[in-house]
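**Student:**
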Amino acid sequence: MNPILIANLLSVLIPLGMRTYVEIQQAHTGDLKPIGDVLASADANWDTIIANAQAELAKLAKSANPGV
Amino acid sequence: MRKIRLSLVPLVLLLCTAFACPPGSTPSQRQQVAQAAHDASVIMRNFHDGEIVTYNMGRNCVAVATTPEAVKACAAITPEEHAFIQNSLITVGVMGKTLDGCIASTTDNPGIVRCVETAITAVDKEANAGRLHLTSDRARTGYLLAMIGLRTSLEVIRTILTPVPAPSKPAPTGGTQ
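Going line by line, the protein sequences match chains R and D. Each residue of the first sequence is one higher than the one before, starting from 0 at the first, in numbering that gives the first Met the number 0. Each residue of the second sequence is one higher than the one before, starting from 0 at the first, in numbering that gives the first Met the number 0.
#1: Just checking: is the beta-carbon of glycine 29/R within a distance shorter than 9 Å of some beta-carbon in chain D?
#2: Checking contacts by CB at 9 Å: is alanine 62/D closer than that to chain R?
#3: Step through the CB atoms of chain R and report whether any lies within less than 9 Å of the CB of threonine 59/D.
#4: Below 8 Å on the Cβ atoms is my contact criterion, and I expect arginine 177/D with valine 115/D to pass it. Report the Cβ-Cβ distance as a whole number of Å.
#5: Where does asparagine 51/R land, buried or exposed, given buried means 16+ other C-beta within 10 angstroms?
#6: Can you give the Cα-Cα distance for threonine 90/D and lysine 124/D, rounded to whole angstroms?
#7: Are proline 162/D and asparagine 108/D touching if we call contact CB-CB under 9 Å?
#8: Please state whether DSSP places glycine 66/R in a helix, a strand or coil.
#9: Exposed or buried, what is alanine 39/D when buried is set at 16 or more other beta-carbons lying within 10 Å of its beta-carbon?
#10: Measure the beta-carbon distance from isoleucine 34/R to arginine 29/D and round it to whole angstroms, keeping in mind my assumption that it falls under 8 Å.
#11: When the Cα atoms are used, what is the spatial distance from threonine 105/D to histidine 81/D?
#12: Please report how far the alpha carbon of isoleucine 111/D lies from the alpha carbon of cysteine 101/D, in whole angstroms.
#13: Return the CA-CA distance between cysteine 20/D and leucine 160/D, expressed in angstroms with no decimal places.
#14: Look up proline 2/R in the DSSP assignment and say whether it is helix, strand or coil.
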């Protein structure tokens, strides 16, 4: 294989690999939570909203029909 | 000729590294998108928590009010408005979870943008319904502000993932026939 081609490829792949490594590290530090954790937290908020809204509707139904 | 073509490979790789081709989201873009989706959920949860407290305070106030003027002064959220808001928030909550799933599972930007646009359409529909059904200032203002905040978070996602169009070349001026 052409040594010049190998050198060119390495000059691109090494910085690319380093950049990817740094970004993965940053994603796991305290500054940047992993994307999965962020979305899971968002989902938990939506679940809380839905559950609380359903509870409020149940209270309203009960107060409208106290004998039931 | 073959040597020239091979020597272009690193250049192509370098350009792809710089400009993130093919058009998938970069790790930092996905981080920003996930954060914006999280912000949307926080806005709505804070609004909901406050709305429940406000509704209960108004209900307690009305329960002890002895005159129509005192009842009016409570400026309470009515039970009908409270029910409307809960149903709306259930719709928005399901929409939010669907969007989170889309962000988690879709790797190309246009796919996520389509999900966001569906969510924005749903938010606009809820906001328009709110304008029709909510009459008390307290319910209407709080609800619409929350919807604006939610829409803004969704717009942020769309902005992050929509490529900036290349500036168009100015039309040539002058010329002779």
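All residues carry an ideal CB built from backbone N, CA and C; glycine is no exception.
**Tutor:** A quick look at the data gives this:
#1: Below a pLDDT of 50, predicted positions are generally treated as unreliable, and glycine 29/R, at 49, falls in that range; the measurement from the model is reported next regardless. No, glycine 29/R lies away from the interface with chain D (no Cβ there is under 9 Å from its Cβ).
#2: No, its Cβ sits nowhere closer than 9 Å to a Cβ of chain R.
#3: First, the amino acid is wrong: residue 59/D is asparagine here, not threonine. No, because no Cβ of chain R sits closer than 9 Å to the Cβ of asparagine 59/D.
#4: No answer is possible for residue 177/D: it lies beyond the span of chain D, which begins at 0 and ends at 176.
#5: Classification for asparagine 51/R: buried.
#6: Using only the alpha carbons, I get a separation of about 11 Å.
#7: Going by C-beta atoms, proline 162/D is nearer than 9 Å to asparagine 108/D.
#8: Here glycine 66/R sits in coil by DSSP.
#9: So alanine 39/D counts as buried.
#10: Right, the Cβ-Cβ distance comes to about 6 Å (below 8 Å), so this counts as a contact.
#11: The straight-line gap separating the alpha-carbon atoms of threonine 105/D and histidine 81/D is approximately 36 Å.
#12: Spanning the two alpha carbons is a distance of roughly 6 Å.
#13: Below a pLDDT of 50, predicted positions are generally treated as unreliable, and cysteine 20/D, at 48, falls in that range; the measurement from the model is reported next regardless. Roughly 13 Å between the two C-alpha positions.
#14: DSSP places proline 2/R in helix when its eight states are reduced to three.
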